[in-house]
Amino acid sequence: MSDSRKIIHIDMDAFYASVEQLDQPQFRGKPLAVGGPSEKRGVIAAASYEARKFGVRSAMPTAEAFRRCPELNLVSPRFPRYREISEKVHGIFRCYTDLIEPVALDEAWLDVSANLIREPSGTRVAERIKSEILEQTALTCSAGVSYNKFLAKIASEENKPDGLFVITPEQASAFLKVLPVRKIPGVGRVTEEKLRDFGIEITEDLLKKDAEWLNQHFGKFGMVLFQRARGIDHRPVEPERETKSVSVETTFDRNLTNLEELVPELQNLTEK
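Written as structure tokens, this is what we have:
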């Protein structure tokens, strides 16, 4: 894959919570979370930026969220509404390229190297997409622009909310040197702790390890670490790809503790 590719990663800002603040103006500017009630051992599915200032995060027990932010406003999720907005956003994407790879309802990669409006600048395409999303949905998104999927995703996280960040081939090396390894997609808590045990906390530390060492200690993911530390990601944006396996997951708004509750949910997931 060439460094001349123009890849955009779009990430809607605090999507579920932002939709709720849009539809329910009384919650605008106030800490809000989408999730299940604490008395049913609920969990947080999404938190507004106002709530995040108090340390409220997704997957956090609702009771803990209220301990951190007693003034938190809690609403139940409305997934049909989120899908409706998501489809509208994807309709905007399709005006610019057919190469769209959805990641979730609130994020996607776009390859705009040869886009439908014949705009040579990926940055200008991203600016137009951001503007149209705001105009048509009244919601903001953050965009990352680079020459591969890894760097575009990392870039989209750099200037949230409502941000636009670009990483050019000339900038990639300096940018990556100081990147915390926990920001590399696929590095979870366990891998981060294992890397830290080896004295690896930023990508510059990772660059000191060769492919053989990384493979020995991290298996197949070691090669991913080797490549990402060097800004290498040859994966294409794939709107349609051969399905080798299927994985579907969901976050419930409460803890499910018995089989009678789980079976209907499992049937719903298998239908997807």
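Sequential numbering of the sequence shown, starting at 1032, is according to my numbering. We put the CB at the ideal spot given by N, CA and C, even for glycine. Note that the structure is a prediction, hence the values are computed from the model and not measured.
Check	Outcome
Cutoff 8 Å; reference F1249; Cβ partners in own chain excluding five residues on either side	T1222, K1225 and L1256
Neighbour flag for D1042 against chain D, beta carbons, 8 Å	Reference to chain D is not applicable here, since this structure consists of a single protein chain.
With 16 other Cβ atoms within 10 Å as the buried cut-off, status of C1172	buried
Contact check, I1164 vs V1197, beta carbons under 8 Å	no
Distance, V1134 Cα to R1261 Cα	23 Å
Limits of the alpha helix (DSSP H) - the one that F1097 falls within	T1093 to R1099
Beta-carbon spacing of K1037, G1153 below 8 Å	yes
Per DSSP, the bridge partner or partners of P1133	A1139
Residues bridged to D992 [DSSP beta-bridge criterion]	Coverage of the chain is limited to positions 1032 through 1303, which leaves residue 992 absent and any answer about it impossible.
Residue burial classification, K1071 (beta-carbon count within 10 angstroms, cutoff 16)	exposed
Under the three-state DSSP convention, the category I1263 falls into	coil
Residue span of the beta strand (DSSP E) that contains V1176, given as start and end	C1172 to S1177
Inter-residue Cα distance where the pair is I1231 and L1237	6 Å
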